[in-house]
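Novice:
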Amino acid sequence: MTSKYLVVLAAAATTLASPNGGSIGAGVNGAGVTELFGNSFGVPGVNQTYDYIVIGGGTAGNAIAARLAQDPANYTVAVIEAGSFYEILSGNRTQVPGYNFLTAEPNFVTGGITSLTAISILSEPQAGYNNRRVGYTVGQTFGGGSAANYMGYFRPTIGSFDYWAEIVEDDYWNWENVYPAFKKSCDFTPPNYDKIDPSLNITYDTDAFDITGGPLQVSYGNFQGPFGPLLAEAMTRAGLDAIPGLNSGKLIGHGTATAAVDPRTATRSSSSTSFLQVGARTSNLKIYPNTLAQRIVFDEQKRASSVLVQGHMLSERFTYELFANKEIIVSGGVWQSPQLLMVSGVGPASTLESHGIEVVSDLAGVGQSEWDQPYMSLVYKVNVTTSSQIVAGNVEANAAAVEEYLTNQSGRLSGIGAGQSLGFEKFPAHTRDAVLSNSTRGWLASLPDDWPEAEYLPLESSPIPADIGPDDYYLLIGSALLATSSRGNMTIASADMNDRPIISPNWLLDKGDREQALAAFLRIREIAGNSTFVESEYIPGPEVTTNEEIVEWLRNNMVLIYHGSSTCKMGPVSDPLAVVDTRARVYGVSGLRVVDASAFPFHPPGQPMASVYMFAEKIAEAILEEE
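Mapping of the sequence shown onto mature numbering (1 follows the signal peptide of the UniProt record, and there is no 0): residues -17 to -1, 1 to 610, in sequence order.
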């Protein structure tokens, strides 16, 4: 990373010290009993038995672990995570909302990952992307994706969950039944107009949250940029209606998104700072950092009985075994969850046999059916302030932002720089008529009526010119395609979890998806053209004009927003590609579930974080009801 960011990070540094001057991680409670932070951790190298073992301390893993551990039955729960804590590994870059561009989209600024809290998996050449290989960033830290994203929190649509229930043949997943689980995770704070400009007048649906929710902090942050109302006007002129919030099962229109930000401290609220910390303080939850799950071990009855783990340090790799009395829960994400199943003997028999792996359950769907959201970024020079000067490393702008953040928990660093006037739509008639073929329209018509086809996402921390002036500002208006028909896949390179899986998301593989990409591109230009704040188009620039030129530019420049799902998809036993049942139990074995976005039957519209928390809540509920 260039030194211009180190200036900001150093300015925001604080002294590491215990509030009472004592030792870090130790104290004496009111009853005179010594409390050691180390008691929250499992002992590496020592075999141990727990009721439940959760593999992966990400968004879903921490949430379900905490719910199980906090049950009155006092279950013992272990959380295994290949990474460690981002507060240790990433300085303050992950904690401070305004630095999210350094963790969520590192390629925008640094040209690659410069953090110890993530890894990159290089895709196979992607035909739809003109045979480019694209790096897929995966969070490897406690918090997982919730520690590596832009923190936007909003929920999919009513119709998409009713559709979920229909295709898996279980009403457990319809909107009426999942809506309470969405609410259960969240501690909502309304906009604080002592810190947010009150003229922005953010609207939201108060019924979307419960007063007694938690522990995840959901708010609007303590800063919203001035571009928001202007972009809202442009979206309205382009035909998108304003809606009161994005958490009540309606997305089509535009509104301001909530974010996983703790407004009291103006810091990221991840599954680590919320669920994991609460669980560690109040239950028999044990944490295993820097611990890589190498293989799930099955007994003669095909019950998942233990996990062979590796102390994940290059200097000293040692293995030991953790045993489960009740269940093992895999929560490694879209690529690592199916990888772990395969190296453990669960997956396509021919693939396993080719790597010398004994087949425990022959499931053809492991690693298949991947849904993703191809993403494009158009960047505009604008006449309102954005985060461009922070991205550029402007010393004065950064110093002012740091001072306001530290002394008042407000200003540009206290907000996520995204989510204002977030738009969702089905492409309007004039766009459909211009670029969508009958076959593409037929595919889109098969989805629920309230399923948006494109998301329009503004980001203040956009790419900038090398010669940016001190008074120049840019805004990225991106689009994620939400209704693509291409499906990706993955497989294993070996029987070793240390080896990266072989992934192929197949972005824009289908011609209809390329038509949708063209439609979204044209709509971004239409929205920008309807605005009063856009001065000129920086990326790709006005020289890209014809439909053919636009499609070629898209194939050469579209990227991703790390929203893959469904590689261990849920489905009825009659579905030949289903991997888990409607309670996330893996077919063909017992004592094993997959709980993360890889178990979704499809990717609901919008960004996945809220749905992943909901999914963890619902499966925890199912497990505890079975006990």
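Glycine is no exception: its CB is placed at the ideal position from the N, C-alpha and C atoms.
(1) Using the DSSP secondary-structure output, state which residues sit across from residue 302 in a beta bridge.
(2) Return yes when the Cβ of residue 34 is within less than 9 Å of the Cβ of residue 58, no when it is not.
(3) Going by other Cβ atoms of all chains shown within 10 Å of its Cβ, with 16 needed for buried, is residue 192 buried or exposed?
(4) By Cβ distance below 8 Å, which residues in the same chain neighbour residue 568 in space, the five residues on each side in sequence not counted?
(5) Between residue 169 and the rest of its own chain, which residues show a CB-CB distance below 6 Å, the 5 nearest in sequence each way excluded?
(6) Determine the direct distance from the alpha carbon of residue 268 to that of residue 50, and round the result to whole angstroms.
(7) Using alpha carbons as the reference points, say which of 142, 174, 173 and 172 lies closest to residue 159.
(8) Within 10 angstroms of the Cβ of residue 516, are there 16 or more other Cβ atoms? Answer buried if so, exposed if not.
(9) By the three-class DSSP mapping on this structure, what secondary structure does residue 211 have?
(10) From the DSSP output, in three-state form, read off residue 496 for me.
(11) Quick one: Cα of residue 502 to Cα of residue 419, how far?
(12) Indicate whether the contact test is met: 3 or more Cβ pairs, each with one atom in the stretch 318 to 334 and one in the stretch 588 to 604, closer than 8 Å.
(13) Can you tell me whether DSSP reads residue 163 as helix, strand or coil?
(14) Between which residues of its own chain and residue 609 is the CB-CB distance below 7 Å, once the five residues before and five after are set aside?
(15) What does residue 504 pair with, by DSSP beta-bridge criteria?
(16) Since residue 305 and residue 36 should fall inside the 8 Å C-beta cutoff, what is the C-beta to C-beta distance between them, to a whole number of angstroms?
(17) Please state if the CB of residue 389 and the CB of residue 84 are separated by a distance shorter than 9 Å.
(18) Would DSSP call residue 56 helix, strand or coil?
(19) Tell me whether residue 237 is buried or exposed, calling it buried when 16 or more other Cβ atoms sit within 10 Å of its Cβ.
(20) Just reading off the alpha helix (DSSP H) that residue 389 is part of, what are its end residues?
(21) Leaving out the 5 sequence neighbours to the left and right, which residues in its chain are closer than 6 Å to residue 545 when beta-carbon positions are compared?
(22) Less than 9 Å between the beta carbons of residue 439 and residue 371, yes or no?
(23) Assuming residue 106 and residue 116 are in contact, meaning their beta carbons sit under 8 Å apart, how far apart are those beta carbons, in whole angstroms?
(24) Is the separation between the beta-carbon of residue 62 and that of residue 270 shorter than 9 Å?
(25) What runs of the beta strand (DSSP E), each 3 residues or longer, lie entirely inside the stretch 343 to 376?
(26) Across which residues does DSSP place residue 269 in a beta bridge pair?
(27) Is residue 284 helix, strand or coil when you go by DSSP?
(28) Which residue's Cα is closest to the Cα of residue 139: 215, 118 and 436?
(29) Are residue 247 and residue 77 touching if we call contact CB-CB under 9 Å?
(30) Around the C-beta of residue 596, are 16 or more other C-beta atoms found within 10 angstroms, so that it is buried, or is it exposed?
(31) Do the stretch 391 to 403 and the stretch 204 to 218 meet, that is, are 3 or more Cβ pairs less than 8 Å apart?
(32) Based on Cα-Cα distance, which residue from 272, 452, 489 and 302 lies nearest to residue 543?
(33) Which residues share a DSSP beta bridge with residue 472?
(34) Using the three-state DSSP reduction, which class does residue 633 fall into: helix, strand or coil?
(35) Between the Cα of residue 406 and the Cα atoms of 467, 530, 356 and 221, which residue gives the shortest distance?
(36) Alpha carbons only, please: which of 81, 310 and 382 is nearest the one belonging to residue 32?
Specialist: By the coordinates alone:
(1) On the sequence shown, residue 302 is found 319 positions in, with the first residue counted as 1. Under DSSP, residue 302 shares a beta bridge with 293.
(2) Taking the first residue of the sequence shown as position 1, residue 58 is located at position 75. Taking the first residue of the sequence shown as position 1, residue 34 is located at position 51. Yes.
(3) Sequence index remark: in the sequence shown, residue 192 carries index 209 (1-based). Classification of residue 192: buried, given that the 10 Å Cβ count is 16 or more.
(4) For the purposes of this step, residue 568 is taken as residue 585 along the sequence shown, with counting starting at 1. Only 575 and 576 meet the Cβ criterion.
(5) Translated into positions along the sequence shown, residue 169 becomes position 186. Here the set comprises 192, 196, 199 and 201.
(6) Locating residue 50 in the sequence shown gives position 67, where the first residue counts as 1. Locating residue 268 in the sequence shown gives position 285, where the first residue counts as 1. So the alpha carbons of these two residues sit roughly 10 Å apart.
(7) Your numbering for residue 159 matches position 176 in the sequence shown. Comparing Cα-Cα distances from residue 159 to each of 142, 174, 173 and 172, the minimum goes to 142.
(8) Here residue 516 is taken as the residue at index 533 of the sequence shown, counted from 1. Under this definition residue 516 is a buried residue.
(9) The residue you call residue 211 lines up with position 228 of the sequence shown. When DSSP states are grouped into helix, strand and coil, residue 211 belongs to the helix group.
(10) Here residue 496 refers to the residue found at position 513 when the sequence shown is read from its first residue. Three-state DSSP puts residue 496 in a helix.
(11) Position 519 of the sequence shown, counted from the start, is the residue given in the question as residue 502. Position 436 of the sequence shown, counted from the start, is the residue given in the question as residue 419. Cα to Cα, the separation comes out at about 8 Å.
(12) Verdict: no, contact absent.
(13) The residue given as residue 163 occupies position 180 in the sequence shown. Three-state result, residue 163: helix.
(14) For this step, residue 609 is matched to residue 626 along the sequence shown. The beta carbon of residue 609 is closer than 7 Å to none in its chain, skipping five residues each way along the sequence.
(15) By 1-based counting over the sequence shown, the position of residue 504 is 521. DSSP, once it has assigned bridges, lists no residue as partnering residue 504.
(16) Along the sequence shown, one-based indexing puts residue 305 at 322. Along the sequence shown, one-based indexing puts residue 36 at 53. Right, their Cβ atoms sit about 6 Å apart.
(17) Locating residue 84 in the sequence shown gives position 101, counting from the first residue. Locating residue 389 in the sequence shown gives position 406, counting from the first residue. The answer is no: Cβ separation not under 9 Å.
(18) To locate residue 56, count along the sequence shown from 1; it is residue 73. DSSP, reduced to helix, strand and coil, places residue 56 outside both helices and strands of the structure shown, so it counts as coil.
(19) The sequence position of residue 237 within the sequence shown is 254, counting from 1. Residue 237 should be labelled buried.
(20) Reading the sequence shown from its first residue, position 406 is the one you call residue 389. Counting along the chain, the unbroken alpha helix (DSSP H) around residue 389 starts and ends at 378 to 391.
(21) Indexing the sequence shown from 1 puts residue 545 at position 562. Hits under 6 Å: 120.
(22) On the sequence shown, position 456 is the one that residue 439 refers to. On the sequence shown, position 388 is the one that residue 371 refers to. Contact flag unset, no.
(23) Counting from 1 along the sequence shown, the entry for residue 106 is found at position 123. Counting from 1 along the sequence shown, the entry for residue 116 is found at position 133. Rounded to the nearest angstrom, the Cβ distance from residue 106 to residue 116 is 5 Å, consistent with a contact under 8 Å.
(24) In the sequence shown, residue 62 corresponds to position 79, counting from 1. In the sequence shown, residue 270 corresponds to position 287, counting from 1. Less than 9 Å divides the Cβ of residue 62 from the Cβ of residue 270.
(25) Annotation: the stretch 343 to 376 contains the following complete segments of the beta strand (DSSP E) (minimum length 3 residues), in chain order: 358 to 365.
(26) Residue numbering aside, residue 269 sits at position 286 when the sequence shown is read from its first letter. For residue 269, the pairing in a beta bridge is given by DSSP as 61.
(27) Residue 284 sits at position 301 when you count from the first residue of the sequence shown. Here residue 284 sits in coil by DSSP.
(28) Position 156 of the sequence shown, counting from 1, holds the residue named residue 139. Closest in C-alpha terms to residue 139, from the list 215, 118 and 436, comes 436.
(29) By one-based count along the sequence shown, residue 247 stands at place 264. By one-based count along the sequence shown, residue 77 stands at place 94. No, the Cβ-Cβ distance between residue 247 and residue 77 is not below 9 Å.
(30) For the purposes of this step, residue 596 is identified with residue 613 of the sequence shown, where counting begins at 1. Sixteen is the threshold: when 16 or more other Cβ atoms of the shown chains lie within 10 Å of the Cβ of residue 596, as they do, the residue is buried.
(31) Between the stretch 391 to 403 and the stretch 204 to 218, the count of C-beta pairs closer than 8 Å reaches three or more; the two stretches touch.
(32) Mapped onto the sequence shown, residue 543 falls at position 560. Each of 272, 452, 489 and 302 was checked against the Cα of residue 543, and the nearest Cα belongs to 489.
(33) Along the sequence shown, one-based indexing puts residue 472 at 489. Here residue 472 is bridged, per DSSP, to 487.
(34) Since the first residue shown for the chain is -17 and the last is 610, residue 633 is missing from the structure and cannot be characterised.
(35) Within the sequence shown, numbered from 1, the residue matching residue 406 stands at position 423. Answer by Cα proximity: 221.
(36) As a position in the sequence shown, residue 32 is number 49, starting the count at 1. With distances taken between CA atoms, residue 32 lies nearest to 310 out of 81, 310 and 382.
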